[in-house]
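Going by my numbering, the letters in the sequence shown line up with residues 15 to 253, in that order.
The beta carbon of each residue, even a glycine, is placed where N, CA and C say it ideally should be.
Being a predicted model, the structure only gives us computed values, none of them experimental.
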Amino acid sequence: MLIEHYLLLLVGSFFATLMGSLVGVGGGFIIIGILSIFLPINILIPVLAAILASIDLIRAIAFRQYLFKPIFFPFALGCIVGVACGTFFFVTLPEKVIGTGLVALVIVTLFTPLGAKFNHLKHPYTWIGVTHSFLSTIFGFGGLFQSAILRTKLVNLQLTATLATSFLVLEILKINFYMIHGFDYTPYLGIILSAVGGAIPASLIGRKYAVTISDNFYRTFQKAIIGCIAMSILAKVWW
Numbered sequence: 015m016l017i018e019h020y021l022l023l024l025v026g027s028f029f030a031t032l033m034g035s036l037v038g039v040g041g042g043f044i045i046i047g048i049l050s051i052f053l054p055i056n057i058l059i060p061v062l063a064a065i066l067a068s069i070d071l072i073r074a075i076a077f078r079q080y081l082f083k084p085i086f087f088p089f090a091l092g093c094i095v096g097v098a099c100g101t102f103f104f105v106t107l108p109e110k111v112i113g114t115g116l117v118a119l120v121i122v123t124l125f126t127p128l129g130a131k132f133n134h135l136k137h138p139y140t141w142i143g144v145t146h147s148f149l150s151t152i153f154g155f156g157g158l159f160q161s162a163i164l165r166t167k168l169v170n171l172q173l174t175a176t177l178a179t180s181f182l183v184l185e186i187l188k189i190n191f192y193m194i195h196g197f198d199y200t201p202y203l204g205i206i207l208s209a210v211g212g213a214i215p216a217s218l219i220g221r222k223y224a225v226t227i228s229d230n231f232y233r234t235f236q237k238a239i240i241g242c243i244a245m246s247i248l249a250k251v252w253w
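Structure below.
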């Protein structure tokens, strides 16, 4: 990797963490977009897990007093099953299938509230944890948990804390299972540290201004960014 790539990741991580801290979701897509420039998809997804774990750790600590535990614990429990099953499929699927699946999942969840469909089940957040983590382990993105929790009555600070802490547990599980299946993180430590360097100041700024952002503005901006990133990944996988 060139020094420009590390600087790009540092800046991208700053904005990704800032977006995630201000409203709770959306920052991970910026990281995916940057990593897709210089990493193949089957390397990108395990590295993404380590970067997001670092970012989520910082956000989880900064917003820890706002964690909504009745959602967090069932989701974390479901993640254990979902990650264990998802890792098996991740190591067997070809890169084009993973990349195409990621783009399809991103586009579907942008316009369809999939997470809301679990609300009629008993212990919905456990099932969301299983399904979301299974998809996230294979494709790097789950989408269900965000769409479900955004339809609750939690305020922005609670959303940010609960999403960050829940995803921290998910990413730690993914990292461990990727390593069990043979993935070596050592060559990518520079990438991970660059992301952490951008995340720390952004988390502190985001915590201060988390209640001042318009939801309508954010969601419109988020969809535009996500759509562009999805098309970029699809083009890289197939051409």
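> Does the count of Cβ pairs from the stretch 182-191 and the stretch 65-82 closer than 8 Å reach three?
Replying inline: Verdict: yes, contact present.
> Roughly how far, in whole angstroms, is the beta-carbon of Leu-22 from the beta-carbon of Ile-48, given that I think they are within contact range, below 8 Å?
Replying inline: Confirmed, about 6 Å.
> Since Ile-45 and Leu-62 are thought to touch, with beta carbons under 8 Å apart, how far apart are those beta carbons, to the nearest angstrom?
Replying inline: That pair is a contact at about 6 Å.
>> For His-99, which residues in the same chain have their Cβ closer than 7 Å to its Cβ, ignoring the five residues on either side in sequence?
In response: Checking the displayed sequence, the identity of residue 99 turns out to be Cys instead of His. The residues are Phe-148.
> Excluding sequence positions up to five away, which residues of its chain have a Cβ less than 7 Å from the Cβ of His-137?
Replying inline: If we look at His-137 and ignore the five residues flanking it on each side, its Cβ neighbours are Pro-88.
>> If I follow the unbroken alpha helix (DSSP H) through His-146, where does it start and stop?
In response: That run of the alpha helix (DSSP H) goes 138-153.
> How is the alpha helix (DSSP H) around Thr-176 delimited, first residue to last?
Replying inline: Counted as a single uninterrupted DSSP element, the alpha helix (DSSP H) harbouring Thr-176 occupies residues 170-194.
>> Below 8 Å on the Cβ atoms is my contact criterion, and I expect Ser-161 with Thr-123 to pass it. Report the Cβ-Cβ distance as a whole number of Å.
In response: Contact between Ser-161 and Thr-123 holds, since their C-beta atoms are separated by about 6 Å, short of 8 Å.
> How many angstroms separate the CA atom of Asn-56 from the CA atom of Ala-209?
Replying inline: Taking the CA atoms as reference points, Asn-56 sits about 19 Å from Ala-209.
> Between which two residues does the alpha helix (DSSP H) carrying Gln-79 extend?
Replying inline: First-last for Gln-79: undefined, no H or E at that position.
> Roughly how many angstroms separate the alpha carbons of Leu-218 and Ala-76, rounded to a whole number?
Replying inline: Distance between the alpha carbons of Leu-218 and Ala-76 is about 7 Å.
> His-195: buried (16+ other C-beta within 10 angstroms of its C-beta) or exposed?
Replying inline: Burial call: exposed.
> Which residues bound the alpha helix (DSSP H) around Leu-158?
Replying inline: Unbroken alpha helix (DSSP H) run through Leu-158: 158-163.
> Can you tell me whether DSSP reads Pro-215 as helix, strand or coil?
Replying inline: In this structure, Pro-215 counts as helix in the three-state DSSP scheme.
> Which term fits Met-245, buried or exposed, when burial requires 16 or more other beta carbons within 10 angstroms of its beta carbon?
Replying inline: Its Cβ having fewer than 16 others within 10 Å, Met-245 is exposed.
> For Gly-204, does the count of other Cβ atoms within 10 angstroms reach 16, so buried, or fall short, so exposed?
Replying inline: A residue is called buried once 16 or more other Cβ atoms fall within 10 Å of its Cβ, and Gly-204, having fewer, is exposed.
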